[in-house]
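Following: one structure in structure tokens, then a few remarks.
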Amino acid sequence: MTEPTPRVLLGIGGGIAAYKACELLRLLTESGHDVVPLPTAAALRFVGSATWEALSGHRVATDVWSDVPEVRHVRLGRDADLVVVAPATADLLARAAHGRADDLLTATLLTVRCPVL
-16 MTEPTPRVLL GIGGGIAAYK ACELLRLLTE SGHDVVPLPT AAALRFVGSA TWEALSGHRV
44 ATDVWSDVPE VRHVRLGRDA DLVVVAPATA DLLARAAHGR ADDLLTATLL TVRCPVL
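Okay, structure coming up:
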């Protein structure tokens, strides 16, 4: 019986280092992880959604309500084995620390039950 593929949520903050998360996504995928990118709207100014979708095979959304038939941030948080936030900008860290869930990434961070790096 094969082990299930570990699911990693890759939160991408809106800093210039967002382009480095592409390499991280590639390395995680090559090592056998199912990586779901969760870029902020600011991160998409540095690396577009087409790049994240091509590298991960997952549709990119930034809005909590972009997939109304399901509560996407709850499902993502429930299904994750690990969350990696890179780059974690000062703004993103402050919003997460204060529980300000104003986008898909920060709302998902409030629902996860797995380690967050």
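Under our numbering, the sequence shown has 58 at position 75, and the numbering climbs by one with no breaks. Note that the Cβ used here is the ideal one computed from N, Cα and C, for glycine as well.
Pairing L87 with L38 gives a Cβ-Cβ distance that is not under 8 Å. Under the Cβ criterion (8 Å, minimum of three pairs), the segment -15 to -5 counts as touching the segment 61 to 75.
Inclusion of T(-15) and D17 in the CB contact set at 8 Å is not warranted, their separation being larger than that value.
Restricted to the segment 14 to 41, the alpha helix (DSSP H) segments that are unbroken, complete and at least 4 residues in length are 26 to 29 and 32 to 39, listed in chain order. Under the 10 Å beta carbon count, A73 is surrounded by fewer than 16 other beta carbons and is classified as exposed. Taking a 10 Å sphere around the C-beta of R78, we find 16 or more other C-beta atoms and assign the residue as buried.
Contact annotation, C5 with T23: C-beta distance approximately 15 Å; criterion of less than 8 Å not satisfied.
L65 is bridged by DSSP to V(-9). Around the beta carbon of R55, 16 or more other beta carbons lie within 10 angstroms, which makes this residue buried.
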